[in-house]
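Each number in our numbering corresponds to the 1-based position in the sequence shown with 25 added. We put the CB at the ideal spot given by N, CA and C, even for glycine.
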Amino acid sequence: MHITVYQLIHVIGIALVVQALGAAVVLAGSDRAARWYRASMIGHGIGTFLILLAGFGMLARLEITGAFPGWVWVKLGIWVIVAALPFLLRRRPNLASAAWALTLVLVAAAATMAIFKPL
Ligand code: HEM
Numbered sequence: 026m027h028i029t030v031y032q033l034i035h036v037i038g039i040a041l042v043v044q045a046l047g048a049a050v051v052l053a054g055s056d057r058a059a060r061w062y063r064a065s066m067i068g069h070g071i072g073t074f075l076i077l078l079a080g081f082g083m084l085a086r087l088e089i090t091g092a093f094p095g096w097v098w099v100k101l102g103i104w105v106i107v108a109a110l111p112f113l114l115r116r117r118p119n120l121a122s123a124a125w126a127l128t129l130v131l132v133a134a135a136a137t138m139a140i141f142k143p144l
């Protein structure tokens with residue numbers, strides 16, 4: 026697949042995850058079976074999968090194989106936190122406002138890593 030297709034998939038995955046984390050923050054502490062909670066968790070699962078799939082697809086197209094540069098490791102670390110956030114919120118709903126701010130910081134940091142590659 027062409028790198029631009031991976032870029033599009035990456036961004037669609039990011040949109041799904043941001044939507045889902047917004048919902049998870051608003052619905053923190055609510056009924057787990059609530060319709061929008063379930064929908065957002067499905068979106069979160071699909072979105073995190075798409076981000077990773079397209080991320081590695083782009084790395085292959087950019088011929089970044091073997092030892093990853095620092096910016097890729099930072100993004101992988103951010104991905105792990107983003108993937109874990111809804112589970113953390115489920116256990117600690119009082120962290121909702123921190124998770125709201127953290128989501129923006131993490132997405133901005135991941136984009137900065139890809140665009141400026143400072144490491
Ligand atoms: C929540 C986590 C992540 C966010 C918010 C994020 C965000 C972004 C954004 C905004 C871009 C620039 C738009 C584009 O050209 O597609 C990008 C590009 C990229 N991302 Fe991610 N990303 C995340 C995770 C990852 C992961 C886990 C990997 C590696 C497995 C990865 C690898 C890449 C690569 C290789 C590029 C293209 C860089 C280039 O074209 O020079 N990203 N990402």
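How long is the line joining the alpha carbons of residue i and residue j, rounded to whole angstroms?
i	j	result
Ala-59	Lys-100	31 angstroms
Arg-86	Ile-28	6 angstroms
Pro-118	Leu-52	9 angstroms
Glu-88	Val-36	20 angstroms
Ile-103	Gln-44	17 angstroms
Ser-122	Val-107	15 angstroms
Arg-115	Gly-54	7 angstroms
Ala-92	Leu-113	31 angstroms
Lys-134	Val-97	Note that residue 134 is Ala in the sequence shown here, rather than Lys. Cα to Cα, Ala-134 sits roughly 12 angstroms from Val-97.
Leu-120	Gln-32	32 angstroms
Asp-56	Phe-74	25 angstroms
Would the beta-carbon of residue i fall within 7 angstroms of that of residue j?
i	j	result
Val-42	Gly-72	yes
Thr-137	Leu-46	no
Ala-126	Leu-110	no
Gly-95	Leu-144	yes
Ala-40	Ser-65	no
Let me know the secondary structure DSSP gives residue i once reduced to three states.
i	result
Met-26	coil
Leu-46	helix
Phe-74	helix
Leu-52	coil
Arg-60	helix
Thr-137	helix
Leu-144	coil
Leu-101	helix
Since I believe residue j is in contact with residue i (beta carbons under 8 angstroms), could you give me their beta-carbon distance rounded to a whole number of angstroms?
i	j	result
Gly-38	Ile-76	4 angstroms
Ile-34	Leu-78	7 angstroms
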